[in-house]
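Notes to accompany the following structure.
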Amino acid sequence: EDEKAKYVKGKKLGEGTYANVYLGHISSSPSSLVAIKKIKVQQQYTEGMAPDAIRELKFLQELSHPNIISLISVFSSKDQNINLVLEFLPMGDLEMLIKDTSGVRYGMADIKAWMGMLSRAVWFCHENFVLHRDIKPNNLLIAADGEVKLADFGLARSFSDPYRLMTSTVITIWYRPPELLFGARQYSGAVDVWSVGLVFAELVIRVPYLQGINEVDQIAKLCMGVGTPTEENWPGVSKLPDYTVPAPPSPVMGIDHYLSMFGTVGQEGVDLLMKMLIMDPRRRITARQVLEHGWWSSDPRATKNEDLPKKG
Ligand code: ADP
5 EDEKAKYVKG
15 KKLGEGTYAN
25 VYLGHISSSP
35 SSLVAIKKIK
45 VQQQYTEGMA
55 PDAIRELKFL
65 QELSHPNIIS
75 LISVFSSKDQ
85 NINLVLEFLP
95 MGDLEMLIKD
105 TSGVRYGMAD
115 IKAWMGMLSR
125 AVWFCHENFV
135 LHRDIKPNNL
145 LIAADGEVKL
155 ADFGLARSFS
165 DPYRLMTSTV
175 ITIWYRPPEL
185 LFGARQYSGA
195 VDVWSVGLVF
205 AELVIRVPYL
215 QGINEVDQIA
225 KLCMGVGTPT
235 EENWPGVSKL
245 PDYTVPAPPS
255 PVMGIDHYLS
265 MFGTVGQEGV
275 DLLMKMLIMD
285 PRRRITARQV
295 LEHGWWSSDP
305 RATKNEDLPK
315 KG
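Numbering (the numbering used here), first residue to last: 5 to 316.
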């Protein structure tokens, strides 16, 4: 299994939080472009650990879905570095579209299309017992045909924690659910649904909804923007390891608040958003229930991929 020999690595495309990304191609087919993501965790992998991580990643290769970036291969280089060979998607990501407020205009039907693709990706992964844990607009890559593809599924678990110990780069906490902020050790697919809700909110207002500057501030922003998690709205929350909230508690935001801020997606859209942002993870809507929600079938219908806005 000389997977490494099957690919030729080219120029560096970019640097991310835990990897350097290179352009590459299949050795036997120079026109078949790929992205090669070289994970920067060498110090963390003492002798023999990379093979374990690789075994863990191999099953991600089986996860095949139109809205999930495909992991073509995984191999380790001699320096024990882990290399991921990924579908090449050079058209940018959702964060670029959201931020380009002067160049890119979009409306409810476009948001519905992007959210539909994201929701199907998350549902598929949860059906296959894979959590993402780091969903954010810059992890949502756009393919040439307009398809949105969730990147780095299943990787946050393998890499983000060791990486945190060795870097000063801040990992985004704006999309982190309250159960993770409070240090819950056991969690579920609900963590990803929360992040999807915050991507939804951001698509509407075109700025991140809860922008904390550190974990304590993130909890404060969450209390202000969604409500303070308490034993009343989330039985058991005060027993979580890192539970602390600012006093006095803020009430859980009602429909009026969400309608005033996110009303452009309609009553049904606002209803879905509120259910994704339920603080108690056991009561939060599941990825499957998201797909069954009335918003998808209410007017307007989602924009067709070929008509979606693109970066200039
Ligand atoms: P981040 O940590 O910001 O998510 P990544 O490590 O995923 O960044 O990627 C760093 C850069 O490499 C991206 O900004 C993008 O320009 C490029 N890149 C990542 N994945 C791909 C891909 N599959 N196809 C093309 N370019 C990619």
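Even for Gly, the Cβ is constructed at its ideal location relative to N, Cα and C.
Neighbour-count burial assignment, F133, 16 or more Cβ in a 10 Å radius: If you number the sequence shown from 1, residue 133 lands on position 129. So F133 counts as exposed.
Starting from the C-beta of V108, find all residues in its chain whose C-beta is less than 6 Å away, skip the five residues before and the five after it, and write them out in chain order. Position 104 of the sequence shown, counting from 1, holds the residue named residue 108. Within the same chain, V108 has close Cβ partners L101, P313.
Take every Cβ of the region 79-91, pair it with every Cβ of the region 275-282, and state whether three or more of those distances are shorter than 8 Å. no
At a threshold of 7 Å, does F92 count as lining the ligand ADP (C-beta to nearest heavy atom)? Residue mapping note: residue 92 aligns to position 88 of the sequence shown, counting from 1. Within the cutoff, so yes.
Would you kindly work out how many angstroms separate the C-alpha atoms of D165 and E219, rounded to a whole number? Numbered from its first residue, the sequence shown carries residue 165 at position 161. Numbered from its first residue, the sequence shown carries residue 219 at position 215. The predicted model places D165 with a pLDDT of 48, which falls under 50 and marks its position as unreliable, so this point remains unresolved.
What would DSSP say about F92, mapped onto helix, strand or coil? Here residue 92 refers to the residue found at position 88 when the sequence shown is read from its first residue. DSSP places F92 in coil when its eight states are reduced to three.
N71: CB within 7 Å of a non-hydrogen atom of the ligand ADP: Start at 1 with the first residue of the sequence shown, and residue 71 comes out as number 67. It does not: the Cβ of N71 is nowhere closer than 7 Å to a heavy atom of the ligand ADP.
Using DSSP's beta-bridge definition, name the partner residues of N218. Counting from one through the sequence shown, the residue named residue 218 turns up at place 214. DSSP, once it has assigned bridges, lists no residue as partnering N218.
Mapping the DSSP letters down to three states, classify I139 as helix, strand or coil. What you label residue 139 is simply residue 135 of the sequence shown in a count that begins at 1. The answer is coil: DSSP assigns I139 none of H, G, I, E or B.
Under a three-way DSSP split, which group does P285 fall into? As a first step, residue 285 is located in the sequence shown; it is residue number 281 there, counting from the start. Correct three-state label for P285: coil.
Classification of I259 by the beta-carbon crowding that lies within 10 angstroms, buried from 16 upward: Residue numbering aside, residue 259 sits at position 255 when the sequence shown is read from its first letter. It is exposed - the Cβ of I259 has fewer than 16 other Cβ atoms within 10 Å.
So, does the CB of W300 fall closer than 8 Å to a CB anywhere in chain C? Within the model displayed, chain C is absent; a lone protein chain is all it includes.
So is the beta-carbon of L154 under 7 Å away from any non-hydrogen atom of the ligand ADP? Stepping through the sequence shown from its first residue, residue 154 is reached at position 150. It does not: the Cβ of L154 is nowhere closer than 7 Å to a heavy atom of the ligand ADP.
Given a threshold of 16 other Cβ atoms within 10 Å of its Cβ, counted over all protein chains shown, does E235 qualify as buried or as exposed? Against the sequence shown, residue 235 aligns to sequence position 231. Per the 10 Å Cβ criterion, exposed.
Taking the straight line between their C-alpha atoms, what separation do you get for Q215 and K10? For the purposes of this step, residue 215 is identified with residue 211 of the sequence shown, where counting begins at 1. For the purposes of this step, residue 10 is identified with residue 6 of the sequence shown, where counting begins at 1. If you draw a straight line from the Cα of Q215 to the Cα of K10, it is about 42 Å long.
Can you tell me whether Y11 is helix, strand or coil according to DSSP? For this step, residue 11 is matched to residue 7 along the sequence shown. In the structure shown, Y11 sits in a strand (DSSP, three-state: E or B).
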